[in-house]
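First up is the structure itself, then whatever we jot down about it.
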Amino acid sequence: MTVNLSHFGLCMELPEVSSPSMSFRPPSWPPPKDWVCIEDRDGNPVSCYGDSIWHFYPWAGITLNFHFGDGPKLNSRSHVIDLANIELLRQLVTWRGWGPRAAINVHTLVGNFAIPLRKIISICSENNILASDLSRYPAVIDEIAQQLPKATFSQIVAELDRLRDASEFLGFELLDAAGIMRLKVLQPVHNSFQTEYIPSRIWTYLVLRIAECINDYIVHQEKIEACFEFCISAYVNNNVIAYRESTGKTHYNPFQSARKSKNSELVYLGAFVDTAERFGIKEVIERWVGRVDEKSGIRKFGAYLSLIQNVALANIVAFTMMRVEEAASVRLNCLLWYDDPVYGRVPLIQAETTKTDPDDSALWVTSPSVEPAINTLKSIAKIRLSSVGRWAEENNPLLLTVPFEPWMGGRKSAKRSGLKARVGSLGELVRVNPLLFDAQQITINENDLKIAKSVGPLNTEKFKIGFVWPIAWHQFRRTSAVNMFASGLISDPSMQFQMKHQTRLMPLYYGRGNTALRLNDAVRVLLVNSQYEVMGRQLAEVHTDRFISPYGDNHKAGLLAPANNGQPVNLISEGDAQHYEKSARRQELNFRLTALGACMKNGPCDGDCVSSIGDCAGGDGKAPCANVLFDRTNAEKNKIRLAGVIKQIEATPVDTPRYRHLEQERRGLENYFAYIRNEI
């Protein structure tokens with residue numbers, strides 16, 4: 215395959231390297247051995263493609279060398295790799311450094327990619343195999359899993375998946391999907407407890423409640439903004455801020471009963487609750503932060519605005535998989551729309567990334583459902599910053615603001631407007647705002663615990679039946695990533711609609727190395743690892759009576775045989791199921807959820823079993839597909855589907871292509887029900 219070299223080029227910020235430079239892009243693929251891949255600031259050659267050691271000091275500013283393993287042995291721990299594997303390693307490092315979506319930091323290129331890849335290829339060389347044939351040697355994959363560092367194991371898996379995506383251009387791949395899955399399941403435990411997966415019932419409630427809170431603000435937005443401006447004017451009129459900051463006293467605060475004063479210009483408006491009632495916002499404040507009385511007064515207003523900010527932040531985290539610190543860095547113009555020629559307008563969030571490669575222009579694919587949250591943050595930021603004369607759209611201000619209203623604190627409060635807001639614990643936010651979530655709705659039940667444990671281990675001291683689920687920011691990232699590949703866990707129709715957008719676009723954009731956009735790489739790592747975890751869990755369900763094969767239990771056991779050295783698998787105990795889950799994830803098994811249940815065909819197929827199920831279920835008059843599995847739990851959804859097909863048949867002219875297609879669908883669905891009822 216001819217490689218388009220226009221897609222190549224260094225992405226690192228190196229003032230001394232530009233497109234005319236020798237080292238900016240390789241002249242051909244693979245590059246010639248004399249290609250100058252690294253040069254100093256004066257354009258003098260430092261390292262060539264064929265060198266055994268690449269010297270990165272001009273880029274790193276410090277001594278940083280990478281030894282490929284084909285030169286003199288530097289010390290007792292130096293790698294010695296055969297020449298054929300060395301050439302593969304050189305091509306891989308060059309691809310990561312100069313290819314599409316190249317590394318933007320030299321330490322990422324060397325530390326996160328080149329060194330781990332050298333270790334993998336060195337093990338291949340020791341076993342006398344070519345690294346491009348690694349997928350054929352499971353024992354070598356197992357050896358690699360034992361020798362990779364625990365702390366960066368997930369990052370290495372993601373890099374291998376990135377290379378698999380580039381295999382058509384490279385002409386080879388280190389590991390195929392099954393090999394990566396095998397490696398992933400052998401990942402050693404690095405932390406005692408993985409980030410918890412929020413059970414689908416609780417997650418659905420949380421996200422819907424968050425959306426309700428945001429929408430409630432939007433409904434009352436004009437009234438809230440008007441009341442805020444009125445209150446600011448009242449404080450300015452009474453010169454409250456200057457008086458309080460000079461004396462520490464609150465005598466001039468306007469929201470109190472009239473009091474005697476030598477200053478006749480002071481205006482006292484009585485309790486704030488009356489003003490809130492007059493502007494029509496008392497009810498919405500009390501719905502979310504509690505009763506507004508004379509004691510709490512206008513502070514409840516400030517508490518409400520701060521709550522809304524955090525709720526909007528939670529929405530963004532849930533539907534972008536950003537870290538909370540990254541979500542807190544969003545600015546006025548953070549929401550972008552990318553015009554995709556196939557999928558139409560794709561929403562993106564631009565913010566500052568916090569880990570791996572620092573990049574002020576990192577992008578995250580998101581769902582249209584974040585737009586109300588962004589608009590809510592804009593509203594609050596604008597009224598807060600405008601009140602101290604610091605709102606300037608041309609400066610693209612941060613949307614998360616500190617609560618510096620004159621009624622929210624002691625001295626110097628207005629001067630805090632330039633500070634970046636600190637994001638506190640989500641658990642603490644929930645604790646001090648008990649009206650945000652209903653404790654009963656987020657109390658763990660038996661099914662919640664079962665679902666959460668099926669995804670990952672839990673701290674049994676914190677997560678028990680009858681306990682309130684301890685919510686944390688990082689759980690939203692983990693849960694959303696798992697839900698990308700396990701949307702069947704989400705039963706709420708409105709949430710299915712939002713998840714449909716995410717499920718379709720996020721794996722597409724992050725998974726196949728979109729080169730037109732510089733998307734956040736940490737999310738891609740998260741998604742890659744979640745994909746393999748979810749596939750393993752879904753495969754573990756196959757052995758239960760939830761899934762049936764139209765050809766019987768023995769045939770289904772045969773479909774699982776690759777997980778047991780070619781022998782049929784019949785699992786009956788929970789311990790066996792856990793063993794099976796690991797075995798299935800590291801073998802060449804395919805599993806894809808469909809309308810009927812699942813497809814286990816390991817290769818291309820003429821049907822998709824999504825838009826049409828006739829062929830899969832034998833609706834065409836032939837026997838059902840040998841790779842299909844029928845899921846009993848899909849019965850209710852397929853009843854609705856069958857009823858819809860029958861209605862369409864009644865409205866379609868007989869003996870037309872459309873009519874024959876619908877009849878085939880009807881027969882296929884009827885076959886599905888006959889099999890799950892044991893009528894065939």
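Residue numbers (our numbering): 215 to 894. Ideal placement from N, C-alpha and C gives every residue a C-beta, glycine not left out. Because the structure is a prediction, the values reported are computed rather than measured.
Can the beta-carbon of Val538 be found less than 9 Å from the beta-carbon of Trp417?
Their beta carbons are not under 9 Å apart, which means Val538 does not touch Trp417 by this criterion.
Can you tell me whether Tyr263 is helix, strand or coil according to DSSP?
DSSP places Tyr263 in coil when its eight states are reduced to three.
Would Leu389 and Leu397 qualify as a contact pair, given that the criterion is a beta-carbon distance under 9 Å?
Result yes, Cβ atoms of Leu389 and Leu397 sit closer than 9 Å.
Quick one: give me the first and last residue of the alpha helix (DSSP H) that Asn768 is part of.
From DSSP, the alpha helix (DSSP H) with Asn768 extends over Asp767 to Leu773.
Do Arg513 and Leu649 have their C-beta atoms closer together than 9 Å?
No, Cβ-Cβ distance for Arg513 and Leu649 is not below 9 Å.
Taking just the CA atoms, how far does Thr758 sit from Asn429?
Looking at the two C-alpha atoms, the distance is approximately 42 Å.
Quick check: what's the CA-CA separation for Asn610 versus Lys592?
Their Cα atoms are separated by approximately 11 Å.
Inspect the CB distances between the stretch 237 to 257 and the stretch 274 to 289 and report whether three or more fall short of 8 Å.
No: the two stretches stay apart, fewer than three of their Cβ pairs being nearer than 8 Å.
Can you check the stretch 368 to 414 for any alpha helix (DSSP H) of at least 4 residues that lies completely inside it and give the ranges in chain order?
With a minimum length of 4 residues, the continuous alpha helix (DSSP H) runs that stay inside the stretch 368 to 414 are 381 to 384 and 391 to 399.
Might you give, ordered along the chain, the residues of its own chain that have their beta carbon closer than 8 Å to the beta carbon of Val481, omitting 5 neighbours on each side?
Excluding residues within five positions, the ones whose Cβ falls inside 8 Å are Ala448, Asn451, Asn452 and Pro468.
Pick out whichever of Trp683, Tyr765 and Ala532 has its Cα sitting closest to the Cα of Arg692.
It is Ala532 whose Cα lies nearest to the Cα of Arg692.
Which runs of the beta strand (DSSP E), 3 residues or longer, sit entirely within the stretch 559 to 616?
The qualifying runs are 576 to 579.
How many Å lie between Lys596 and Leu612 at the Cα?
Approximately 10 Å, taken between the alpha carbons.
If you draw a straight line from the alpha carbon of Glu227 to that of Gly264, how long is it in whole angstroms?
Distance between the alpha carbons of Glu227 and Gly264: 24 Å.
Along the chain, which unbroken stretches of the beta strand (DSSP E) at least 3 residues long are found entirely within the stretch 829 to 858?
Whole beta strand (DSSP E) segments, 3+ residues: 842 to 845.
Which residues in the same chain have their Cβ closer than 6 Å to the Cβ of Leu549, if we skip the five residues on either side of it in sequence?
Result list for Leu549: Ile588, in chain order.
According to DSSP, is Val868 helix, strand or coil?
Val868: coil per DSSP, three-state reduction.
Just to confirm, is the Cβ distance from Ile355 to Ser349 under 9 Å?
Taking 9 Å as the Cβ cut-off, Ile355 and Ser349 qualify as a contacting pair.
Rounded C-beta distance between Asp296 and Ser346? I'm assuming under 8 Å.
The pair is not a contact, with the Cβ atoms about 13 Å apart (cut-off 8 Å).
Would you give the residue range spanned by the alpha helix (DSSP H) that Cys813 belongs to?
It is not in any alpha helix (DSSP H) - Cys813 instead sits in the beta strand (DSSP E) that spans Gly811 to Cys813.
Compare the beta carbon distance of Val544 and Pro561 with 9 Å and say whether it is the shorter of the two.
Result no, Cβ atoms of Val544 and Pro561 do not sit closer than 9 Å.
DSSP puts Arg545 in a beta bridge; with which residues?
Per DSSP, Leu612.
Any idea what DSSP makes of Phe270, helix, strand or coil?
Coil, per DSSP.
Quick one: measure Cβ to Cβ for Ile495 and Ile563, integer angstroms, because I've assumed they're closer than 8 Å.
Rounded, the Cβ-Cβ distance is 29 Å, inconsistent with contact.
First and last residue of the beta strand (DSSP E) that includes Asn279?
Its beta strand (DSSP E) spans residues Asn279 to His281.
Once DSSP output is grouped into helix, strand and coil, what is the label at Leu643?
Leu643: helix per DSSP, three-state reduction.
Please check the pair Ile863 and Tyr873, which I expect to be a contact at CB under 8 Å, by giving their CB distance rounded to whole angstroms.
Sure, about 7 Å apart at Cβ, within 8 Å.
How far does the alpha helix (DSSP H) with Glu177 in it extend, from its first residue to its last?
The chain is shown only over 215 to 894; residue 177 falls outside these bounds and no answer can be derived.
Within 10 Å of its beta-carbon, does Val897 have 16 or more other beta-carbons around it, so buried, or fewer, so exposed?
The shown model of the chain, from 215 to 894, leaves out residue 897, and the question about it has no answer.
Rank Ser694, Arg636, Arg239 and Thr657 by C-alpha distance to the C-alpha of Phe681 and give the top, closest one.
Closest option to Phe681, Cα to Cα, is Thr657.
Between Gly223 and Ala316, is the Cβ-Cβ spacing less than 9 Å?
For Gly223 and Ala316, yes; Cβs fall inside 9 Å.
Using DSSP bridges, identify the partner residues of Phe761.
Phe761 pairs with Asp845.
For the putative contact between Ile827 and Leu773, defined by C-beta atoms under 8 Å, what is the C-beta separation to the nearest angstrom?
In fact, because the Cβ distance is near 19 Å, the residues do not count as touching under 8 Å.
Roughly how far, in whole angstroms, is the beta-carbon of Ala528 from the beta-carbon of Leu640, given that I think they are within contact range, below 8 Å?
The pair is a contact, with the Cβ atoms about 7 Å apart (cut-off 8 Å).
Tell me the residue span of the beta strand (DSSP E) that contains Glu974.
One cannot answer for residue 974 here, as it falls past the ends of the chain, which runs 215 to 894.
Determine the DSSP secondary structure at Glu253, reduced to helix, strand or coil.
Looking at Glu253 - three-state DSSP - the assignment turns out to be strand.
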